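For reference, the structure discussed in these notes is given below.
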Amino acid sequence: MSNRIDVKDLNVYYSKFLAVEDVTINIDARSVTAFIGPSGCGKSTFLRTLNRMHEVIPGARVEGEVLLDGDNLYDSAVDPVTVRGRIGMVFQRPNPFPTMSIRDNVLAGVKLNDKRISKSDADALVEKSLRGANLWNEVKDRLARPGSGLSGGQQQRLCIARAIAVSPQVILMDEPCSALDPISTLAIEDLINELKAQYTVVIVTHNMQQAARVSDKTAFFNIAGTGKPGKLIEYDETTTIFNNPSVKATEDYVSGRFG
Amino acid sequence: METGRDRPPFTAGTSSDVPSSARTPGRHCIRNDRLEGKDVSTNSLKEPTDRGRAGDKIFSGVSLAAGVLILAVLFSVAVFLLVQAAPTFTADPTEITGGEGFAAYIVPIIIGTVIAATIALVIATPIAIAVALFISHYAPRRLARAFGYVIDLLAAIPSVIYGAWGYIVLAPQLATVYAWLAENLGWIPIFTGPASQTGKTMLTVGIVLAVMVIPIITSLSREIFLQTPSLHEEAALAMGATRWEMVRMAVLPFARPGIISATMLGLGRALGETMAVALVLSPGALVASLVKTGNQTIAAEIALNFPEAFGLRLNELIAAGLVLFVITLIVNMIARFIITRHKEFSGAN
Amino acid sequence: MAANQTLQRRQSQLTRGRLPSYAVWVVLAASVVLGAALSALIGFSVVGWAVITAVVFVVTATIVTAVGEGERRAKDRLVTFLVYGAFLLALLPLVSVLWTVLERGIPGLSYNFLFTSMNGVTGAVDNASVENGTPVLGGAYHAVIGTLLITFWATLISVPIGLLTAVYLVEYGQGNRLARAITFFVDVMTGIPSIVAGLFAAALFALLFGPGTRTGFVAAVALSVLMIPVVVRSTEEMLKIVPNELREAAYALGVRKWRTITRVVIPTAISGIASGVTLSIARVIGETAPILVTAGFASSINWNVFSGWMGTLPTFIYYQILTPTSPTAPDPSTQRAWAAALLLILMVMLLNLGARLIASMFAPKTSR
Chain P
1421 MSNRIDVKDL
1431 NVYYSKFLAV
1441 EDVTINIDAR
1451 SVTAFIGPSG
1461 CGKSTFLRTL
1471 NRMHEVIPGA
1481 RVEGEVLLDG
1491 DNLYDSAVDP
1501 VTVRGRIGMV
1511 FQRPNPFPTM
1521 SIRDNVLAGV
1531 KLNDKRISKS
1541 DADALVEKSL
1551 RGANLWNEVK
1561 DRLARPGSGL
1571 SGGQQQRLCI
1581 ARAIAVSPQV
1591 ILMDEPCSAL
1601 DPISTLAIED
1611 LINELKAQYT
1621 VVIVTHNMQQ
1631 AARVSDKTAF
1641 FNIAGTGKPG
1651 KLIEYDETTT
1661 IFNNPSVKAT
1671 EDYVSGRFG
Chain E
91 METGRDRPPF
101 TAGTSSDVPS
111 SARTPGRHCI
121 RNDRLEGKDV
131 STNSLKEPTD
141 RGRAGDKIFS
151 GVSLAAGVLI
161 LAVLFSVAVF
171 LLVQAAPTFT
181 ADPTEITGGE
191 GFAAYIVPII
201 IGTVIAATIA
211 LVIATPIAIA
221 VALFISHYAP
231 RRLARAFGYV
241 IDLLAAIPSV
251 IYGAWGYIVL
261 APQLATVYAW
271 LAENLGWIPI
281 FTGPASQTGK
291 TMLTVGIVLA
301 VMVIPIITSL
311 SREIFLQTPS
321 LHEEAALAMG
331 ATRWEMVRMA
341 VLPFARPGII
351 SATMLGLGRA
361 LGETMAVALV
371 LSPGALVASL
381 VKTGNQTIAA
391 EIALNFPEAF
401 GLRLNELIAA
411 GLVLFVITLI
421 VNMIARFIIT
431 RHKEFSGAN
Chain A
4 MAANQTLQRR
14 QSQLTRGRLP
24 SYAVWVVLAA
34 SVVLGAALSA
44 LIGFSVVGWA
54 VITAVVFVVT
64 ATIVTAVGEG
74 ERRAKDRLVT
84 FLVYGAFLLA
94 LLPLVSVLWT
104 VLERGIPGLS
114 YNFLFTSMNG
124 VTGAVDNASV
134 ENGTPVLGGA
144 YHAVIGTLLI
154 TFWATLISVP
164 IGLLTAVYLV
174 EYGQGNRLAR
184 AITFFVDVMT
194 GIPSIVAGLF
204 AAALFALLFG
214 PGTRTGFVAA
224 VALSVLMIPV
234 VVRSTEEMLK
244 IVPNELREAA
254 YALGVRKWRT
264 ITRVVIPTAI
274 SGIASGVTLS
284 IARVIGETAP
294 ILVTAGFASS
304 INWNVFSGWM
314 GTLPTFIYYQ
324 ILTPTSPTAP
334 DPSTQRAWAA
344 ALLLILMVML
354 LNLGARLIAS
364 MFAPKTSR
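Protein chains in written order, with this note's numbering: chain P, 1421 to 1679; chain E, 91 to 439; chain A, 4 to 371.
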């Protein structure tokens, strides 16, 4: 079984501005891939092109191909909504829906799309998703309470539960721990390790130790200067990137010499 | 499971090579296997995606239509008024009220409107700015919000009630003041006697309008005063400036465009206000004295005569309304233009 | 001894050249006394006393400060007095209006006033009640019904249009030319004189159904012209403060844009929107001029907004004052007018209060 992503010659533009240039990368199924690099190098922008979330920003467009198991996301007949159903996303700051209970937050993908679901199926889905996000034991007694009442780390796991409830093939995470304390971060990292048994996980992180801890492969992005496009510099096994990188810039970055 | 999945990625060609029929059903199998058939989103994939897309198109279309409708309404306000006013401009001048054509009819009441609005602004602007300063910089922090609400209450009172108040309470009280003014300051043209016994004069109208305009100017000025960069204020205070010097050096220069446009908006309101004038003023021919009865404003002229009007008189009043519309439109557009430019300017900082 | 020294040094260092803090109160007390004396000379009245006291106080306090603390501080103090004075001055009409309405409105506010119309109440009836001292007959029932019906229809027209326009501006237009044009003209529309809005509706229906078409519905259209811009502006503000992260969260779940808007964005902003709508109702419920030219005036009950003239509270007040039912005995009419004014102010204040309650009770629960 496969959930791989292959990106070929991808350029990302904001109107006329080239933000990310010529990225070609093959992301393995059921693995954790980390994107690292200095601020503004385009790693988050690139991540968002993997489920067409960048289209939310007016003027953003791409050239090139992103293939999910061989199907091009950017085929003209493809509806971005379908793409996002297959490739979920978790954001930098936890963003549960403030008007909904914990339970409704998990079911949001189902309910917001007006899909009919029996109560028993819904209960099962809520439990499965929350267990999948290691949150079930903490919230099972207060499913009807608002999701915004949870701690930051719990909220982020609620967001992950919400993402996996629509059963995507791939989960993209955009610096999911940057707003969290160390203990919550640890919980999320453990969760990421468990998630890769079922899902392909791509994570953007500023934290190199985190990349080293959770990822199987790491991609290093860099930017030549302000106003220049971000580029993929090096992509390899995480151990190779951190211990024996082949590009000087990667070595400088992972050893903390800049960035 | 599926061929092609294990192909080297870049020999697969573009996705158009992959038959779409091979895409969807295959995936259902995978996903059902994985999630023991409980996966709810499986059903959605069977749905034709077009249904949801139509929802998007309809919704964005309807909201666009609503926006365009507003533009259309504003445009048609102008057009309908023009169509209904047209007979006035072509009619025989002797048939117009006053018997000397539309210009001779409208000019005095335009002047009356401007006089009333000017009095209102002369009174209201300094008070409103001071009140705004009071709420933004002088009042105790805890009470400032409550005071803001109280001033907003002034705006909430319906204009007909201000009219009734001006007619029954304020005018009789002012009558004695007017008598005194006419007696002692009668050599100034605007206070020429004999003063009205009832106090139902242009000055009373101006005062009532000022009361109605104050909350408008106050609320906008207050907002802008509060936007003054606190760095500027602190810099002034750090130099040892007194509070007034800080206000004069940091707050007022920053807020000047805002104050001007707030005043313009107040002017728009004063020009168009109807009921207060219709109730308070004893209308008459144009006179220079503000303490005698006389003068009339466009809005009050319409309100007083429209209910009984028919035929050409109706067209005439609508033409007067058109004139009022154009005047207030220009005033408001200038005010909004200043605000917009100010916003862009301060945003760039 | 030591404490005394510190105290003395403190005075000499930082409070040098400052008047003691009680100086202001001394001046105030002196001004009150002087004000009373002077106003007694020219014929005593509370208003005169207050005015003279205020003037004397401001002038004296400024001069005292100028002498004791210097010109800069005197200016600062003068402005402070003027700013406080302006606020008190602005409160005067508010207090006076509210007092007048309460004082004169309460006697007329009876069951009879609330639940009977002016049908059959003629000048003769009023004359009789003045001569015989019997209770004033006739009431504002028809006007209350008219006000509620017309406002209801205006709300029904304005809210969908205003809400959808705001949605377009925030969610779809995103600062394009059309959106900027709409924003600009919505702002301009807030400045349309209410009588012009009334003339517009009158002219529109005159073209469609012939001249002189006056019904409650025409008035509702006129009020909508005034109400829509208020709804658009307040809704727009509320939609803008919904965090973008919530929209992104929904999109990332594969939720369509229109469902994101209707199921996530609007529910999150609903309290603010509801409060804005309530305020816009409060704004138009007291409008008089547009109703005069669109719904005409009626003294009996009319439940049908699509046919026949209709009375409303504001026009009721207006006509009762300007053309009393009995020209020779206007007191009953004046009493009815003030009772109606009290009723109208109560409605407006309740709506304003309701708007604030809605806004604070259902304020969006933010997670941060």
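Ideal Cβ placement from N, Cα and C applies to all residues, glycine included. What you are looking at is a predicted structure, and each value in this text was computed from that prediction instead of being measured.
With DSSP as the reference, label P:A1669 as helix, strand or coil. Helix, per DSSP.
Would you say the segment 183-190 of chain E touches the segment 271-288 of chain E, given that touching needs at least three Cβ pairs under 8 Å? No contact exists between the segment 183-190 of chain E and the segment 271-288 of chain E.
Run down chain A in chain order and give the residues with a C-beta less than 7 Å from the C-beta of E:V163. The answer, in chain order, is V228.
Taking only the alpha-carbon atoms, compute the straight-line gap between P:A1632 and P:T1658 and give it to the nearest angstrom. A straight-line Cα-Cα distance of about 6 Å links P:A1632 and P:T1658.
Per-residue burial, E:P138 [other beta carbons within 10 Å of its own, 16 or more giving buried]: Per-residue confidence for E:P138 stands at a pLDDT of 46, beneath the threshold of 50, marking its modelled position as unreliable; no derived number is given.
A:A277 CB to nearest chain P CB: under 8 Å? By the rule that beta-carbons nearer than 8 Å mark a contact, A:A277 does not touch chain P.
Anything in chain E within Cβ reach of A:I160, meaning under 9 Å, just list it in chain order. For A:I160, no chain E residue has a C-beta closer than 9 Å to its own C-beta; the minimum C-beta separation is roughly 11 Å.
Own chain partners of E:G276 with C-beta closer than 7 Å, once the 5 adjacent residues on each side are dropped: If we look at E:G276 and ignore the five residues flanking it on each side, its Cβ neighbours are T282 and G283.
CB P:N1525 to CB P:G1552, shorter than 8 Å? Their beta carbons are not under 8 Å apart, which means P:N1525 does not touch P:G1552 by this criterion.
Put P:D1495 into one of helix, strand or coil per three-state DSSP. Look at P:D1495 here: in three-state DSSP terms it is coil, with no helix or strand label.
List, in order along the chain, the chain E residues whose C-beta lies closer than 9 Å to that of A:S99? What A:S99 touches in chain E, judged by beta-carbon distance under 9 Å, is W255, V259 and L260, going in chain order.
List the residues of chain P whose Cβ lies closer than 8 Å to the Cβ of A:G299, in chain order. For the C-beta of A:G299, not a single chain P residue is nearer than 8 Å; the gap to the nearest is close to 45 Å.
Which residue comes first and which comes last in the beta strand (DSSP E) that contains P:L1438? Element bounds for P:L1438: F1437 to I1447.
Pull up the DSSP beta-bridge partners for A:A281, would you. Here the sequence assigns Thr to residue 281 of chain A, which means Ala is not the residue at that position. As far as DSSP is concerned, A:T281 takes part in no beta bridge.
According to DSSP, is P:Y1619 helix, strand or coil? Three-state result, P:Y1619: coil.
Closer than 8 Å, Cβ to any Cβ of chain P: which residues of the segment 234-254 of chain A, in chain order? For the segment 234-254 of chain A, which is checked against every Cβ of chain P, the residues closer than 8 Å are P246, E248, L249, R250, E251, A252, A253 and Y254.
Option in A:K243, A:I109, A:L210 and A:L105 with minimal Cα separation from E:V169: It is A:L210.
Can you list the alpha helix (DSSP H) stretches of 4 or more residues lying completely in the segment 141-186 of chain A, in chain order? 144-170, all fully within the segment 141-186 of chain A.
Every unbroken alpha helix (DSSP H) within the segment 1451-1523 of chain P, with a cutoff of 4 residues, ordered by chain: 1463-1469 and 1500-1506, all fully within the segment 1451-1523 of chain P.
Using the beta-carbon of each residue, which ones in chain E are nearer than 8 Å to A:W261? The contacting residues are G145, D146, I148, F149 and S150.
Could you check if P:N1664 is buried or exposed, using at least 16 other CB atoms within 10 Å of its CB as the buried criterion? With fewer than 16 other Cβ atoms from the protein chains shown falling within 10 Å of its own Cβ, P:N1664 counts as exposed.
P:I1425 - containing beta strand (DSSP E), residue span: Unbroken beta strand (DSSP E) run through P:I1425: I1425 to Y1434.
Bridge-paired residues (DSSP) for P:T1638: Beta-bridge annotation (DSSP): P:T1638 is paired with P:A1454 and P:D1656.
Which term fits A:V189, buried or exposed, when burial requires 16 or more other beta carbons within 10 angstroms of its beta carbon? By the neighbour-count criterion, in which a residue is buried when 16 or more other Cβ atoms sit within 10 angstroms of its Cβ, A:V189 is buried.
Since P:V1590 sits in a beta bridge, which residues does DSSP pair it with? Answer by DSSP bridge pairing, in chain order: P:I1507 and P:T1620.
Any C-beta of chain A sitting closer than 8 Å to the C-beta of P:R1504? It does: the Cβ of P:R1504 has a partner Cβ on chain A nearer than 8 Å.
Using 8 Å as the Cβ pair cut-off and three pairs as the minimum, do the segment 278-291 of chain A and the segment 96-103 of chain A touch? Judged by pairs of C-beta atoms under 8 Å, the segment 278-291 of chain A does not touch the segment 96-103 of chain A, as fewer than three such pairs exist.
Please work out which residues of its chain come closer than 6 Å, Cβ to Cβ, to A:G357, disregarding the five sequence neighbours upstream and downstream, and give them in chain order. Closer than 6 Å at the Cβ level, and outside the excluded window around A:G357, lie T281.
Go through its chain and collect everything with a Cβ distance to A:N355's Cβ below 6 Å, but skip five positions before and after it. Contacts found: A285.
P:S1604 versus A:L81 - alpha carbon distance: Distance between the alpha carbons of P:S1604 and A:L81: 58 Å.
How should P:K1616 be labelled, buried or exposed, when 16 other C-beta atoms within 10 angstroms of its C-beta is the threshold for buried? Around the beta-carbon of P:K1616, 16 or more other beta-carbon atoms lie within 10 Å, marking it buried.
Check whether the Cβ atoms of E:N422 and A:V191 lie closer than 8 Å to each other. In this structure, the beta-carbon distance from E:N422 to A:V191 falls below 8 Å.
Here's the rule: buried if 16 or more other CB atoms are within 10 angstroms of the residue's CB, otherwise exposed. What is A:A200? The residue in question, A:A200, is buried, as its Cβ has 16 or more Cβ neighbours within 10 Å.
Can you list the residues of chain E that A:N355 reaches, using a CB-CB cut of under 7 Å? What A:N355 touches in chain E: A246.
Secondary structure at E:P397, three-state DSSP: helix, strand or coil? Per DSSP, reduced to three states, the secondary structure at E:P397 is helical.
I'd like the ranges of any beta strand (DSSP E) spanning at least 3 consecutive residues and lying wholly in the segment 176-245 of chain A. Runs of beta strand (DSSP E) with 3 or more residues, each lying fully within the segment 176-245 of chain A, are absent.
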